[in-house]
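**Student:** Below: one structure in structure tokens.
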Amino acid sequence: MRYRHFFWDFDGTLYDTYDRITRAFLKGLRDLGVQASYREVYALNKRSNQECARVFAARMNLPPEALIAAYRAHSEEEGIDSVSLYPGVREALERIVARGGENYLFTHRGESLFKFLDRDGIRRLFSDLITSLDGFPRKPAPDALNHLIQKHGLEKAQCVMVGDRDIDLDAGKNAGISCALFDPEGFYPDYDTPWRFKTMAELQSALCDP
Numbered sequence: 057m058r059y060r061h062f063f064w065d066f067d068g069t070l071y072d073t074y075d076r077i078t079r080a081f082l083k084g085l086r087d088l089g090v091q092a093s094y095r096e097v098y099a100l101n102k103r104s105n106q107e108c109a110r111v112f113a114a115r116m117n118l119p120p121e122a123l124i125a126a127y128r129a130h131s132e133e134e135g136i137d138s139v140s141l142y143p144g145v146r147e148a149l150e151r152i153v154a155r156g157g158e159n160y161l162f163t164h165r166g167e168s169l170f171k172f173l174d175r176d177g178i179r180r181l182f183s184d185l186i187t188s189l190d191g192f193p194r195k196p197a198p199d200a201l202n203h204l205i206q207k208h209g210l211e212k213a214q215c216v217m218v219g220d221r222d223i224d225l226d227a228g229k230n231a232g233i234s235c236a237l238f239d240p241e242g243f244y245p246d247y248d249t250p251w252r253f254k255t256m257a258e259l260q261s262a263l264c265d266p
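Here it is in structure tokens:
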């Protein structure tokens, strides 16, 4: 196995959540009297919720916090059935553990993630995790990654951060570990990274199986 310690993002990496996030954001915008295109909101949320809020807040002359609050009012309306694991995620996580590796999770999501992990029976595959409830600075700050690395006595040369956005990988770079981009829709064609994958099968073959 090329790496021993895998740090995973949640939204857009383990779980296909962006359609649900986009629908909730559009509902929040409508609550504020704004109509927006699905494509634009989707693309902005692929950068981050904060970026999407900033863009529309500037147009509407509102504080970004108002946009985030409007989004959060709808973010959990659809229930867990509207979100699923990306194909191959479970197999990759299990492969890492079976070969003596460890999975860690670093996400900006709060306690809502546990209902997804428990539904799919994969919480057991993570040695530790950091959520928004832990109070660490948001990505690309490396604080949460450094905490996990120090807490578990990990060698940085054996660590890799897997994410779908630039801020995920920037957090990994800032922590001094390797990075792998999961980009099935090609949102980051020019991002500088040694590892780039469109499917979890490709990622598993390159990083988990050798």
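Letter by letter, the sequence shown follows residues 57 to 266 of the numbering used here. Note that CB positions come from ideal geometry on N, CA and C, so glycine has one too.
If you drop the 5 nearest sequence neighbours on each side, which residues of the same chain put their C-beta closer than 8 Å to that of S183?
**Tutor:** E158, N159, Y160 and H208
**Student:** Could you work out which residue in K254, Y247 and I205 is closest to D224 when comparing CA atoms only?
**Tutor:** Y247
**Student:** Mind checking whether Y98 and Y74 have CB atoms under 8 Å apart?
**Tutor:** yes
**Student:** Would F66 and R165 be called neighbours here (beta carbons separated by less than 8 Å)?
**Tutor:** yes
**Student:** What is the rounded straight-line gap between the Cα of A236 and the Cα of Y244?
**Tutor:** 12 Å
**Student:** Would DSSP call D273 helix, strand or coil?
**Tutor:** Nothing can be reported for residue 273, as the shown portion of the chain is limited to 57 through 266.
**Student:** Do you know offhand how far G156's Cα is from E241's?
**Tutor:** 31 Å
**Student:** Going by the DSSP bridge assignment, what does D67 pair with across the sheet?
**Tutor:** Y71
**Student:** Consult DSSP for M256 and reduce its assignment to one of helix, strand or coil.
**Tutor:** Residue state, collapsed to three classes: helix.
**Student:** For D184, report the span of its beta strand (DSSP E) as first-last.
**Tutor:** F182 to I186
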